[in-house]
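Below is one structure, written out as structure tokens; comments come after it.
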Amino acid sequence: MATVSRSQVRRSSLPTGLGAEDAGCTILHVDMDAFYALVELRSRPELQGTPVIVGGGGGRGVVLSATYEARAMGVHSAMPMSRARRLAPDAVVIQPDHRAYAEVSRGVMSLFHSITPLVEPLSLDEAFLDVSGALRRLGSPKAIGELIRSRVFDEQRITCSVGVAPTKFVAKLASTRSKPDGLLVVPADQVIEFLHPLPVGALWGVGEKTELQLERLGLRTVGDIASTPVSTLQRVLGQAAGRHLYELSWGRDSRRVNPSEPEKSIGAEETFDDDIDDAEAVHAHLLKLADQVGGRLRLTGQVGRTVQLKVRFADFTTITRSKTMPGPVDVTQDLYDTA
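Its first residue numbered 17, the sequence shown is counted upward by one per residue in my numbering.
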């Protein structure tokens with residue numbers, strides 16, 4: 017596995033051709049670092065290296081983003097602002113500027129599309145790219161990842177982290193582990209070596225409840241899951257979940273990068289691994305969903321008028337409510353407050 021940091025990126029020395037290290041690793045996951053916060057710091061260079069929190073300041077305000085200095089104090093996104101202020105009393109709090117974030121995001125996504133048409137945005141600040149068709153033109157997957165990092169910094173003055181791997185699942189894990197401002201290649205023949213030492217919580221679909229169930233079986237790492245008969249996992253977790261985790265533990269993920277298409281309605285939903293009834297946790301997840309919807313609206317230059325909320329309980333009872341706004345809306349806080 018190869019890791020690259022900002023100081024190692026030099027456009028003049030970007031390698032060309034497909035090397036053995038990243039052969040077959042044509043999936044990239046690109047994720048901006050502390051996106052909202054770093055966008056704000058572009059016009060406030062004096063705050064570089066200090067704890068900065070971006071979020072609403074009202075009684076129900078929540079953290080949208082925080083610099084890594086603030087994160088080191090325990091602050092994280094979706095946290096109530098009141099708690100964040102207690103953890104980082106000296107942090108500078110900045111009200112969000114969603115128009116600015118949308119503008120930067122459009123620039124980043126345009127950059128991605130100049131690399132490959134196979135771009136799958138996940139939010140304003142991250143996307144999967146399939147660069148298999150760009151290798152002859154731009155060089156190896158690693159070189160393309162380095163080029164993206166360099167161009168994002170040069171054009172937008174923010175940093176990003178890139179994971180390069182054979183599959184979407186592994187690429188996303190790689191970008192997370194290269195943060196901040198790094199690049200990590202997980203070669204096809206080293207996927208197992210990369211995955212198996214990781215804690216079980218690294219796998220998609222493993223929440224606190226599932227993690228406890230796995231720990232009761234003595235399974236604490238991804239490698240432990242891979243060494244467990246799939247029938248045992250299915251007996252404890254259910255047929256689908258057991259098979260899902262077993263496949264991921266061996267790095268198997270057949271999902272392709274799906275380019276986005278124009279949508280008549282924009283929504284986001286989340287199914288929790290474990291039932292939750294904590295109001296603070298519910299509001300945190302609601303904010304995340306509102307931000308995903310608002311981000312996609314702003315990214316595509318659209319606005320909405322009607323906000324719909326659907327809640328499904330543990331017994332599968334479903335409640336749906338909607339509200340039509342007096343005017344068009346695309347701002348995360350407005351969507352969150354309405355929901």
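All residues carry an ideal CB built from backbone N, CA and C; glycine is no exception. Small disclaimer: the values here were computed from a predicted structure and weren't measured.
query: C-beta contact flag for Val180 and Cys41 at 8 Å; result: yes
query: For Glu136, the residue or residues it bridges with in DSSP; result: Phe144
query: Whole-number beta carbon distance between Arg259 and Val246, since they are thought to touch under 8 Å; result: 6 Å
query: Close-in-space but distant-in-sequence residues of the same chain around Leu219 (CB under 6 Å, 5 per side omitted); result: Leu261, Leu264
query: Which listed residue (Arg312, Glu285, Leu313) has its alpha carbon closest to that of Leu302; result: Glu285
query: Inter-residue spacing [alpha-carbon to alpha-carbon] between Val25 and Val46; result: The pLDDT assigned to Val25 is 44, lower than 50, so where the model puts this residue is not dependable; a value taken from the coordinates is nonetheless given after this. Roughly 16 Å separates the two Cα atoms.
query: Cβ neighbour criterion (16 or more within 10 Å) applied to Leu228; result: exposed
query: Sufficient close CB pairs (3 or more, under 8 Å) joining the segment 121–131 to the segment 153–173; result: yes
query: Secondary structure of Val70, DSSP reduced to three states; result: strand
query: Exposure label - Ala295; buried when at least 16 CB within 10 Å; result: exposed
query: Val298 classed as buried or exposed, judged by whether at least 16 other C-beta atoms fall within 10 angstroms; result: exposed
query: Residues bridged to Thr340 (per DSSP); result: Thr322
query: Rounded separation between Met48 and Val120 - CA only; result: 11 Å
query: Exposure of Lys158, with buried meaning 16 or more beta-carbon neighbours within 10 Å; result: buried
query: Bridge-paired residues (DSSP) for Gly179; result: His45, Leu200
query: Boundaries of the beta strand (DSSP E) in which Ile110 is found, first to last residue; result: 108–110
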